[in-house]
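Student: FYI, in our numbering the residues of the sequence shown are -9 to 442. Idealized CB from N, CA, C, for every residue including glycine.
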Amino acid sequence: MPISGSEIVKMLPGKKPCKDCGFPTCFAFAMKLATGGATVDKCPYLSPEVKAKLEDLLAPAIKLVTIGSGDNKVQVGNEEVIYRHEKTYVHPPGIAILISDKESEARFEEKIKKIKELQFPWVGLTLKADLLALQFESGDKNKFLALVKKASSANLGMILISQDLDALFSARDLCADKRPLLYPITKENIDQAITKIKAKPTPIGVQGASIEELIPLTTKLKEAGVDEAVLDPGSKNLMEAVRDQTFIRRAALKQGFRPLGYPTITFPCFIAKDGLKESLAASVSIIKFAGIIVLSDFDQYSLLPLLVERLNIYTDPRFPMAVEEKYYEIGEPDENSPVLITSNWALTYFIVSSAIEATKVPSFLCVKDTEGLGVLTGWAAGKFSGDSVGAMVKKSGIENKVKNKKIVLPGRVARIKGELEDALPGWEVVVGPREAAGIGSFLPEYVKSLRK
Ligand code: SF4
């Protein structure tokens, strides 16, 4: 649970405002610490004990865990709320595809191909799965190590799964620089594992037969200075998974219970009996707080709905989804191509640009920032007026890209035509269809008129 500024100030040295922290008083510094606007190390007069205590109290209720490195790293945890509508969820769960060392070379290649190629452009974003989960099942350590070596070149975050601790850490040593997640760390292997983890710090997956069993394990890890972990409470079916995930989230955020203040990992691949149930378990995991979700396999039909669900759940509900204000090229437009304008609500942009794309008429689409409102709402809010649209068009530089100074205005806001023409001297404003659905019949005919 967050600590308040007035509680923090009682722990500060209270020297007559020395200001060495950059703040006028200890109290001002304490208030900044409480809101995350400063770090403890800015005050040079804290004893090591107080500093450590403050760092612990100010740490996020759910630890941030990073798996992988570089562009393909996946960060999970650091969540602040139980319910999305309270504020927002922050780090979307990583979705992993499981590859066992018992699977054939062809299956390995197929799965690597899938995770690399199944990427979906979606309202200006690219939706994709994130991680490879490599499992030691064959009993042949060399085979597992060969799999890990091969998978390392795929440049994706990895989860290494092995009950054999020696194989697990030998695999880790092959790719420690890529920060793989090591799983499972259990009550049976934790003592041996701690020394090896500390030698080359990498994130770990802690597995217990129940939530209760996780508590002494994370406590022991924390005491040893190892706390980049995800939790697996050993749920055996979907009902247990929902119960356990909810319990862990509530304990971390409502009770501030540190031993459970970690993101979680779920295994629809192990608890579901068929593909459909596995997708259902994954879908529930996305909603019910999982940090990492491991799937046995996927195709475009099972993966895309999960990725869209994840996007929706982890989109900040306080802000509408919006795209950047600028002109976009659809197809390969040239100086004779049409210019259209719309607002920057992501859904509007997506629908309009898709409708233009479907006509196969290369076009320029100017997108005016309406703070994520649709065209008509944006006009009603004064954010899609003739003056402001005109200013945007001038600023965008589209003028230098086309010979025909004509711009197509959404029919819904035909009323700003005159105002826009005043704001854009030399341009002709053409009133286009009221709905994006009308672009299909409008644009091909319109482009012919431009080329006459
Ligand atoms: Fe107070 Fe420390 Fe800041 Fe000095 S440096 S004002 S003692 S918080």
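Could you tell me the distance, in whole angstroms, from the CA atom of L204 to the CA atom of L124?
Tutor: 23 Å
Student: Which residues mark the beginning and the end of the alpha helix (DSSP H) in which W417 is found?
Tutor: Here W417 belongs to no alpha helix (DSSP H), and DSSP marks it neither H nor E.
Student: Does DSSP put M1 in a helix, in a strand, or in coil?
Tutor: coil
Student: According to DSSP, is L221 part of a helix, a strand, or is it coil?
Tutor: strand
Student: Given a cut-off of 8 Å on the beta-carbon distance, is the pair A426 and A345 in contact?
Tutor: yes
Student: Measure the CB-CB distance between L207 and I180 and report whether it falls below 8 Å.
Tutor: yes
Student: With distances taken Cα to Cα, identify the nearest neighbour of F134 among F110, L171, I175 and I89.
Tutor: I89
Student: Measuring CB to CB, does I87 end up less than 8 Å from K104?
Tutor: yes
Student: Under the criterion of a Cβ to heavy atom distance below 7 Å, does P223 qualify as lining the ligand SF4?
Tutor: It does not: the Cβ of P223 is nowhere closer than 7 Å to a heavy atom of the ligand SF4.
Student: Can you find a heavy atom of the ligand SF4 that lies under 7 Å from the Cβ of Y455?
Tutor: Residue numbering for the chain in the displayed model covers -9 to 442; residue 455 lies beyond these limits and cannot be assessed.
Student: In terms of DSSP beta bridges, what is S333 paired with?
Tutor: DSSP lists K358 as partners of S333.
Student: Starting from the Cα of F279, find the closest Cα among L294, G321, V232 and S431 and give me that residue.
Tutor: V232
Student: Does the ligand SF4 have a heavy atom nearer than 7 Å to the CB of K9?
Tutor: Flag set: Cβ of K9 near the ligand SF4.
Student: Return the CA-CA distance between I255 and G147, expressed in angstroms with no decimal places.
Tutor: So the alpha carbons of these two residues sit roughly 15 Å apart.
Student: Could you say which of V298, L121, P50 and V30 lies nearest to L285 if we only look at CA atoms?
Tutor: Closest by alpha carbon: L121.
Student: Just to confirm, does L44 get its C-beta within under 7 Å of one of the non-hydrogen atoms of the ligand SF4?
Tutor: no
Student: In the DSSP output, which residue or residues are listed as bridge partners for M148?
Tutor: L122
Student: Do you know offhand how far E319's Cα is from I187's?
Tutor: 50 Å
Student: Looking at the strands, I want to know which residues DSSP matches up with E100.
Tutor: The partner list for E100 (beta bridge, DSSP) is empty, contrary to what the question assumes.
Student: By a C-beta neighbour count over all protein chains shown, 10 Å radius and 16 as the cutoff for buried, is A348 buried or exposed?
Tutor: Counting C-beta atoms within 10 angstroms of its own C-beta, A348 has fewer than 16 neighbours from the protein chains shown and is therefore classed as exposed.
Student: Under a three-way DSSP split, which group does S269 fall into?
Tutor: helix
Student: Pairs of beta-carbons, one from the segment 54 to 61 and one from the segment 240 to 248, closer than 8 Å: are there three or more?
Tutor: no
Student: May I ask you to list the residues that DSSP assigns as paired with V196?
Tutor: I175 and L221
Student: Tell me whether the segment 128 to 144 and the segment 319 to 338 touch, counting them as touching only if at least three CB pairs, one residue from each stretch, are closer than 8 Å.
Tutor: Put simply, the segment 128 to 144 does not touch the segment 319 to 338. Fewer than three CB pairs are less than 8 Å apart.
Student: Pick helix, strand or coil for T254, following the three-state DSSP scheme.
Tutor: strand
Student: Please name the residue or residues paired with E319 in a DSSP beta bridge.
Tutor: F354
Student: How would you call C8, buried or exposed, if buried means at least 16 neighbouring beta carbons within 10 angstroms?
Tutor: Result: exposed.
Student: Would you mind sorting D163 into buried or exposed? The rule is 16 or more other CB atoms within 10 Å of its CB.
Tutor: exposed
Student: For K32, which option in F288, G12 and G416 has the closest C-alpha, if you only look at C-alpha atoms?
Tutor: G12
Student: Might you give, ordered along the chain, the residues of its own chain that have their beta carbon closer than 7 Å to the beta carbon of L410, omitting 5 neighbours on each side?
Tutor: G376, V379, G380, L399 and V419
Student: Is it buried or exposed for M229, if we count other Cβ within 10 angstroms and need 16 for buried?
Tutor: exposed
Student: What residue range is occupied by the uninterrupted alpha helix (DSSP H) comprising S281?
Tutor: According to the sequence as given, residue 281 is Gly; it is not Ser. Where G281 is concerned, there is no enclosing alpha helix (DSSP H), given that its DSSP letter is neither H nor E.
Student: What is the rounded straight-line gap between the Cα of S327 and the Cα of S439?
Tutor: 11 Å
Student: Assign L36 to one of two classes, buried (16 or more other C-beta atoms within 10 Å of its C-beta) or exposed (fewer than that).
Tutor: buried
Student: With a CB to CB cut of under 8 Å and the five nearest residues on each side skipped, what residues in its chain are close to T393?
Tutor: Checking the displayed sequence, the identity of residue 393 turns out to be Lys instead of Thr. Cβ within range, chain order: E325 and N326.
Student: The ligand SF4 heavy atoms versus the CB of T332: any closer than 7 Å?
Tutor: no
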